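**Q** Its first residue numbered 4, the sequence shown is counted upward by one per residue in the numbering used here. Even for Gly, the Cβ is constructed at its ideal location relative to N, Cα and C. A quick note: this is a predicted structure, and the numbers were derived from the prediction, not measured.
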Amino acid sequence: MSRLFYLLFSFSGRIGRLSFALGTLAQIILIASGFATLVFSFVLTRHGAKIDETVMSLWMAPIFMFAVWSSLALSSKRLHDRDLSGLWTLIAFIPGVGTVWWLAQTFGMQGTTGENRYGMPPGHGRVLDADEEDDLDRRINGVSVRAARYAGIPDILKEASAQTRSRGGAPALQNGIPRAHGFGRRRA
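Have a look at this one:
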């Protein structure tokens, strides 16, 4: 549910063509169900039920606000994937060329590869900074050490560290924990 909420209401981040199409489909289904309820109320009115026009207006306003907000949010995130500002969504309101351009950008063209000014491509996890990466390495190594001890092979890590030191290199492990700064480590 939180993914759907993000998809339909958040203006930040990037989404690919498939997520955009599925979000548009979800939006259409939700709006259609709102309009179906409205049509049902009109049918009841024709058969003698009294429904106040104010009630109908109060029902239509949230449907309209949802439609506008979710359309802008979906389109903004999709254009972010193309490394364009969400304001380019407004070009869709220009009849003809503007609408065709918007459709080509949102449905037809692939997003930019790699990170752009709006973040990582859809499907990529959050990028860890150096401290978070070191903490994750320590936790993984801790689990590995406990598993090795449980399996009866606790000396392998110490032997590898001793061999590296004897060759004159920097120790690969310090107290059974990978070096915090070495090959592949980035400093923040």
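Which stretch, first to last residue, makes up the alpha helix (DSSP H) that contains A24?
**A** Start at 1 with the first residue of the sequence shown, and residue 24 comes out as number 21. Looking at the DSSP string, the run of the alpha helix (DSSP H) that includes A24 is R20 to R49.
**Q** Hey, how far is the Cα of F14 from the Cα of R142?
**A** Counting from one through the sequence shown, the residue named residue 14 turns up at place 11. Counting from one through the sequence shown, the residue named residue 142 turns up at place 139. Between F14 and R142, the C-alpha separation is close to 34 Å.
**Q** Determine the direct distance from the alpha carbon of D140 to that of S78, and round the result to whole angstroms.
**A** Taking the first residue of the sequence shown as position 1, residue 78 is located at position 75. Taking the first residue of the sequence shown as position 1, residue 140 is located at position 137. If I take the Cα positions, the gap works out to 38 Å.
**Q** If you reduce the DSSP assignment to three classes, tell me which class G99 lands in.
**A** Translated into the one-based positions of the sequence shown, residue 99 becomes position 96. Coil.
**Q** What is the C-beta distance between Y121 and G26, in whole angstroms, given that I count them as a contact (C-beta under 8 Å)?
**A** To locate residue 121, count along the sequence shown from 1; it is residue 118. To locate residue 26, count along the sequence shown from 1; it is residue 23. Actually they are not in contact, since the Cβ atoms of Y121 and G26 sit about 16 Å apart, beyond 8 Å.
**Q** May I have the straight-line CA-CA distance separating D84 from L11, to the nearest angstrom?
**A** Translated into positions along the sequence shown, residue 84 becomes position 81. Translated into positions along the sequence shown, residue 11 becomes position 8. D84 and L11: Cα-Cα distance of roughly 16 Å.
**Q** If distances are taken between C-alpha atoms only, which option among I31, I94, K80 and N144 comes closest to M123?
**A** The residue labelled residue 123 in the question sits at position 120 within the sequence shown. Looking from the CA of M123, the closest CA among I31, I94, K80 and N144 belongs to K80.
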